[in-house]
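Everything on this sheet refers to the single structure shown next.
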Amino acid sequence: MRTVYFGTIVHSLALADLQVLPSAAVGVDEDGTIEFLDPNTRSAEASAEKHSWPVGSYSVVSSDPASVSFFFPGFFDTHIHASQYPNVGLFGKTTLLDWLNSYTFPLESSFADLKVADNVYSRVIARTLGNGTTTAAYYATVHTAGTNLLADLALKAGQRAFIGRCCMDANSPDYYCDKTLEDAQKATLEVIEHITKIDPNHDIVCPILTPRFAASCSKELLCWLGKLSTNTNLPVQTHISENMLEVELVKSMHTFADSYAGVYDKCGLLHDQTILAHAVHLTDDERALIAKRGSGIAHCPASNSALTSGETRVKWLLDAGVKVGLGTDVSGGFTPSILHTARQALLVSRHLSMEGDESHKLSIEEVLHLATVGGAEVCGLSNKLGNFLPGKKWDAQLITLDCKNSPVDIFPWELKTHEDLVAKWLFNGDDRNVTKVWVDGKLVAGTAFTS
């Protein structure tokens, strides 16, 4: 049955244009596609009649008029290591490369056991959905069966997900790596085959080619993945310029290119379906190359702070026409919440501005754009997701600020200042405020869904 969603609608139309509609209606068809958005209407029924929807042919879902609530698009997590979820908050005094060896690789190697994989993947999907993440770009591990299981679980839960089996045949522990180029190729193709079997059109789960990062892959593996991406039109995700020691390692290892971005470009991995995580230490030339190729950046501020990696210049990237979304980077990042990540992105931008350049500052409107429309652009889904414009899919959250045990305190004089309420949600809200979550028009999570 078709559905009319009525009440306060908040969504981003452009980088600095957050539209707040206090009395709006969104009409969604049986397939989860938005047919209309009425920005100002007195009731769901009035909008339905306006668009010739007969009485009895639709249901109505309203943001509770007795509460402080609004509909908001689902979040995009453009960079998250599903297998690392047990390690959130565990990084000690390490930086990137020693953190990988001390914390990450030992944990990921345990996913050869499907019981471990099932336990962790089930919980990270539930946790991210509960935080309003309707689309996630997941890194799994090197294990084929475990990666396939992650795809199965995401599809069952109804979360849109890019599922990547990590390819790593160089500079990796003997106990956790692709032993040969052929092993990496065979396992990658098996994962693609499995995901295509369970979701032939890749509507909900989609394989994504995942060279872990340039220093963990031979040139031969990188170039094979580049050709595979070209031949199959599959997206790519990897890391770039997260840490200066990593940048130097890539430079010394891959001498056939003149930059980190150049390594990916020469191997055919830099294109408009590529998600590059971090981009903290890019050069001007690399920024120009990434913009030219149409690749996107997953900005991971919590992780970059936790691992002392640096501060990504988001405005500098955007000014060059580079697409930018947000990533939690669990478990370098200590939270699976994109709302918290948006908060961190705003604060990191202010730290950058303290160095004397106010142009680095991101606003509330801008970080919420990155969390939704920006993420959709980075994931190549902006034609169908990111906001509530007609023709797009209903991937949405119902946010309730005055719910039971809410972390957000609302005072009577604030009830008519919707922009201030959105600001309070950004800085104070969490998963307790996520009442309902829809993907493709289907209710899949939220406190009202699980209780």
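According to mature numbering (1 follows the signal peptide of the UniProt record, and there is no 0), the sequence shown holds residues -25 to -1, 1 to 426 in order.
Backbone N, C-alpha and C define an ideal beta-carbon position, used for all residues, glycine too.
Keep in mind it's a predicted model, so treat the numbers as computed, not measured.
Handout entry: Exposed unless 16 or more other CB atoms sit within 10 angstroms - verdict on Pro29
Key = exposed
Exercise for the section: Determine which residues share a DSSP beta bridge with Thr8 and list them. Expected result: Lys368
Problem - Distance between beta carbons of Ala317 and Leu343, contact taken as under 8 Å - result: 6 Å
Exercise for the section: Compare the C-beta of Thr119 against all C-beta atoms of chain C and say whether one is closer than 8 Å. Expected result: Considering every chain present, this structure includes no chain C. It has just one protein chain.
Handout entry: Buried/exposed call for Arg325, threshold 16 Cβ in 10 Å
Key = exposed
Practice task
State the Cα-Cα distance for the pair Thr109 and Gly49, rounded to the nearest angstrom.
Solution key: 5 Å
Problem - Host beta strand (DSSP E) of Ser306 (start-end) - result: Where Ser306 is concerned, there is no enclosing beta strand (DSSP E), given that its DSSP letter is neither H nor E.
Exercise for the section: Determine the contact status of residue 429 and Gly31, defining contact as a CB-CB distance below 8 Å. Expected result: Because the chain is modelled from -25 through 426, residue 429 falls outside the range shown and cannot be assessed.
Handout entry: DSSP beta-bridge partners of Ser44
Key = Thr375
Handout entry: Beta carbon of Ile100 nearer than 8 Å to that of Leu128
Key = yes
Handout entry: Any 3 or more C-beta pairs closer than 8 Å across the region -10 to -3 and the region 340 to 355
Key = yes
Problem - Exposure of Gly105, with buried meaning 16 or more beta-carbon neighbours within 10 Å - result: buried
Practice task
Using only alpha-carbon positions, find the residue among Arg98, His253, Glu10 that is nearest to Ala420.
Solution key: Arg98
Practice task
Mind checking which residues open and close the alpha helix (DSSP H) that includes Thr122?
Solution key: 119 to 132
Handout entry: Cβ neighbour criterion (16 or more within 10 Å) applied to Phe188
Key = buried
Problem - Extent of the continuous beta strand (DSSP E) run through Leu301 - result: 298 to 301
Problem - Three-state class that DSSP yields for Arg17 in the structure shown - result: coil
Practice task
Note down, one range per segment and in chain order, each beta strand (DSSP E) of at least 3 residues found wholly within the region 335 to 415.
Solution key: 371 to 375, 409 to 414
Practice task
Name the two residues that bound the continuous alpha helix (DSSP H) containing Ile250.
Solution key: It is not in any alpha helix (DSSP H) - Ile250 instead sits in the beta strand (DSSP E) that spans 249 to 253.
Problem - Buried or exposed (CB count within 10 angstroms, at least 16 for buried), Asn76 - result: exposed
Problem - Sub-8 Å separation of Thr53 and Gly300 beta-carbons - result: yes
Practice task
Would you list the one or two residues that DSSP bridges to Gln(-7)?
Solution key: His(-15)
Handout entry: 7 Å Cβ shell around Glu400 - same chain, five flanking residues per side excluded
Key = It is worth fixing the name first, because residue 400 is Trp in this sequence and not Glu. Cβ neighbours of Trp400 beyond the five flanking positions: Ile374, Leu376, Val383, Asn408.
Exercise for the section: Can you have a look at Glu352 and say buried or exposed, based on whether 16 or more other CB atoms are within 10 angstroms of its CB? Expected result: buried
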